[in-house]
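Taken in order, these protein sequences are the chains called Z and H. For reference, each letter of the first sequence is one residue, going 1 to 113 in our numbering. For reference, each letter of the second sequence is one residue, going 114 to 226 in our numbering. Step one of this worksheet: look at the structure below.
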Amino acid sequence: DTAVSQTPKYLVTQMGNDKSIKCEQNLGHDTMYWYKQDSKKFLKIMFSYNNKELIINETVPNRFSPKSPDKAHLNLHINSLELGDSAVYFCASSQLRFGGEQYFGPGTRLTVT
Amino acid sequence: DQQVKQNSPSLSVQEGRISILNCDYTNSMFDYFLWYKKYPAEGPTFLISISSIKDKNEDGRFTVFLNKSAKHLSLHIVPSQPGDSAVYFCAANSGGSNYKLTFGKGTLLTVNP
């Protein structure tokens, strides 16, 4: 049974479109995250929600909007997609505590053409 | 501003020998460090961690060493196995209430049979 799942795994779309990526965790964690891994392979935090409240909001264009309907789900909606948004997006979850390691989903490879 | 640096993009080791992966950091506020392993087309998986109050943590074949004065940590894998071939990410927790992780760029380890 998958701990952190993301859909879709691959997403190919054209510039200007709006798309969503969904994430679900069944680990009972209270915190979820979105990371972006760009072409330079850095994993960078974008957002984090703890018990449905936004606790990390890095410098990300406001075309990106996370939504957490409940503790087990964190979705990422992207408006007006640009070429530079092409990347792999990872969802993760953890218990928010010192030493709380994060568990990652398999990633969503987004390609904007 | 790279606060966590993995200066070796790749490392090649013979099966059965020791693999040593290095990581340097610049932020003295980091108080918890983690290593993640990532296979292609999968999300990172947690491997081992260490708190800043310790200088060594061991888990089976994996040992992490922390040198706070040098702001340096290393991951030792003994003995190395072909299945260990993956990208290894070093990550650091900056403390505070949101336990944000900052990742290095990763080191590709190849273990040759």
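We treat Cβ as the ideally placed atom computed from N, Cα and C, and that holds for glycine.
Does chain Z have any CB closer than 8 Å to the CB of L147 of chain H? yes
**OP:** Please go through the stretch 10-37 of chain Z and give each complete beta strand (DSSP E) segment of 3 or more residues, from N-terminal end onward.
**Re:** 10-13, 19-25 and 31-37
For E96 of chain Z, which three-state DSSP category applies?
Going by the sequence as given, residue 96 of chain Z is Leu instead of Glu. Three-state DSSP puts L96 of chain Z in coil, outside helix and strand.
Short Cβ contact (8 Å threshold) for T223 of chain H with S198 of chain H:
yes
### Task
Can you check the stretch 152-201 of chain H for any beta strand (DSSP E) of at least 3 residues that lies completely inside it and give the ranges in chain order?
158-164, 169-172, 175-180 and 185-190
- Who are A205 of chain H's beta bridge partners in DSSP? H:F146 and H:T215
Handout entry: Nearest residue (CA-CA) to K41 of chain Z, options H:S125, H:Q119 and H:K181
Key = H:Q119
CB of S165 of chain H within 8 Å of CB of Y145 of chain H, strictly | yes
### Query
In chain order, what residues of the same chain have a beta carbon less than 6 Å from the beta carbon of V200 of chain H, not counting five sequence neighbours either side?
K151, G219 and L221
Where G107 of chain Z falls, given that 16 or more other Cβ within 10 Å makes a residue buried: buried
Within 8 Å of any Cβ in chain H, is that where the Cβ of Q25 of chain Z sits?
no
Q.
In this structure, how does DSSP classify L110 of chain Z when only helix, strand and coil are distinguished?
A. strand
Output the boundary residues of the beta strand (DSSP E) element that contains K67 of chain Z. F64 to D70
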